[in-house]
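Read through the structure below, which is laid out as structure tokens, and then see the notes.
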Amino acid sequence: MTERSASPVHTPPTFSDLRRDFSFSAVLAGFISVVVGVSSSIGLVIAAAQAAHLSAAQTSSWILSIYIGIFASGVLLTWRYRAPILTAWTTPGLALVVSLAGHLSFGEIVGAYMVSAVLITVLGLSGAFERVTSRIPAPLAAAMLAGVLLPFVLSAFRGLPGSPLLVGGMTLAYLLGRALWPRYAVPLSLLAGVLVCVLTGQLGSVHGSGAFGTLMFTAPTFTLRGLLTLALPMTLLTLVSQNLTGVAVLRACGYGRVPASPLISVTGVASLLAAPFGAHTINLAAITAAIGAGAESHPDPNRRYIAGLANAFFYLLVGIFATLVADAVEAVPPALIVTLAGLALLNTALGSLHTALADERWREGAAVTAFVTASGLSFLGLGSALWGLLLGGGLAWALRRHTR
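Quick note: the sequence shown uses the numbering used here, first residue 1306, plus one each step.
Below is the structure:
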């Protein structure tokens, strides 16, 4: 169940490579990752905009600029390293913005975004982040990924009592696909879910106008209050809860050849350029990255970069038609999105668990890492992924030291 390593060659693909490597499953993986990412977090953007009393134009600029930044950074990194490098926005950081929106002016918020982006870029260029992540043993990185994915996989089946026909039909289609056409198990599940929704009348109406979004410049205001309450915490949250997990996803899926420093630097620069238009921090995707980089995207790791390109272009479309997309997401039953995400991540979670527990020397530490991460623990301002690494890594170090 372990991933086969991708080619060590960093040569960007040519157009002939694109034609040869194109696959429907990879494009669909990119699409599903966008659906999951947008549906799970776009509501936070609206909540933050309302809390900050932003105008419709400012909110539109925020959404469009963040998705343009995700598109540009995702395409650049995926093309450069020929790997499915998916980018996204920082959801924990956005939750922090929601809590502070009533206490900071929007100019101060934008200024904090820019300071955070500069800090992240500097950490990427200095190689400090690379040095930290390179010291994380592969079994612990795989265990952290498994712990991050397990709650999503379990949630897919928890919805069965409430929506037996929808969740049951999608699960049955997935299992049938895995048995007969493994590459198309997730598409079959999606098709089954949409079919059930249509036949049972569970699809709502879409009222979005589909008008193009517009960019609106906001002059940044740099204050000590914005630095201490937003910029520094957002930097820490982005690096620990998003970028650290994103690097772990890539390595667990066979892309250890991709250096971490340029990934952090590029997302930092993209954040800096998009911030004056309202966009908060852009970072490596974590959960959705596992959809594009996992075996469900394509059996050959060297052809999964198509999922990264597809993901970026679908995000650009979301930004252009943000109002229409938001309404479309609300029209779909939540159970469909949750089940689709869990089934799409099932195989990657299984492979990560196998990698984490395969080496007996790391097994107990990896198990603690996976379970603590899956618990959702949040303590002293640190999330479960970091606590999982600290506790599991500490146990592994103590056991290895005792063995010697």
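Even glycine gets a Cβ: it sits at the ideal position worked out from N, Cα and C.
Neighbour-count burial assignment, residue i, 16 or more Cβ in a 10 Å radius
i       : result
Thr1364 : buried
Trp1702 : exposed
Ser1283 : Nothing about residue 1283 can be read from this structure; the chain reaches only from 1306 to 1709.
Pro1492 : buried
Val1503 : exposed
Ala1478 : buried
Thr1438 : buried
Leu1685 : exposed
Leu1297 : Outside the displayed range of the chain (1306 to 1709) lies residue 1297, so it cannot be described from this structure.
Pro1313 : Low confidence applies here, because Pro1313 scores a pLDDT of 44, under 50, leaving its location unreliable; read the following figure in that light. It is exposed - the Cβ of Pro1313 has fewer than 16 other Cβ atoms within 10 Å.
Ser1321 : exposed
Ala1672 : buried
Pro1604 : exposed
Leu1450 : buried
Helix, strand or coil at residue i according to DSSP, with G and I counted as helix
i       : result
Trp1486 : coil
Phe1327 : coil
Thr1319 : coil
Phe1684 : strand
Gly1693 : helix
Trp1702 : helix
Ser1602 : coil
Glu1669 : helix
Arg1609 : coil
Pro1466 : coil
Pro1638 : coil
Phe1527 : coil
Arg1440 : coil
Val1499 : helix
Leu1504 : helix
Phe1457 : helix
Gly1452 : helix
Gly1432 : coil
Phe1626 : coil
Contacting residues, own chain, Cβ-Cβ under 7 Å from residue i (five flanking each side not counted)
i       : result
Thr1526 : Ser1410, Gly1412, Glu1413 and Gly1416
Thr1307 : Unreliable positioning characterises Thr1307 in this predicted model, as indicated by a pLDDT of 43, which lies under 50. A coordinate reading is not provided.
Pro1317 : Trp1384, Arg1385 and Arg1387
Tyr1372 : Tyr1620, Leu1621, Val1623 and Gly1624
Gly1473 : Leu1465
Cutoff 6 Å; reference residue i; Cβ partners in own chain excluding five residues on either side
i       : result
Ala1357 : Ala1406 and Phe1411
Asp1664 : Pro1444
Gly1573 : Ala1422, Ile1425, Thr1426 and Gly1429
Thr1383 : Ile1390, Tyr1610, Gly1613 and Leu1614
Ser1576 : Ala1422, Thr1586 and Ile1587
Tyr1489 : Gly1482
Ala1447 : Ala1557, Ser1657, Thr1660 and Ala1661
Phe1711 : Residue 1711 lies beyond the stretch modelled for the chain, which goes from 1306 to 1709, so this question has no answer here.
Ala1497 : Gly1474, Met1475 and Ala1478
Bridge partners - residue i, DSSP secondary structure assignment
i       : result
Trp1394 : Ile1587
Phe1411 : Note: Phe1411 sits in no beta bridge, so no partner.
Phe1522 : DSSP, once it has assigned bridges, lists no residue as partnering Phe1522.
Chain-order list of residues whose beta-carbon lies under 8 Å from that of residue i (same chain, five-residue window excluded)
i       : result
Val1339 : Thr1593, Asn1616, Phe1619, Tyr1620 and Val1623
Leu1401 : Leu1535, Pro1538, Met1539 and Leu1542
Pro1456 : Ala1679 and Gly1681
Uninterrupted beta strand (DSSP E) stretches inside the region 1335-1406 (no shorter than 3 residues)
Runs found: 1392-1394.
Beta strand (DSSP E) runs wholly inside the region 1533-1591, at least 3 long, in chain order
Taken in chain order, the complete beta strand (DSSP E) segments of 3 or more residues contained in the region 1533-1591 are 1587-1589.
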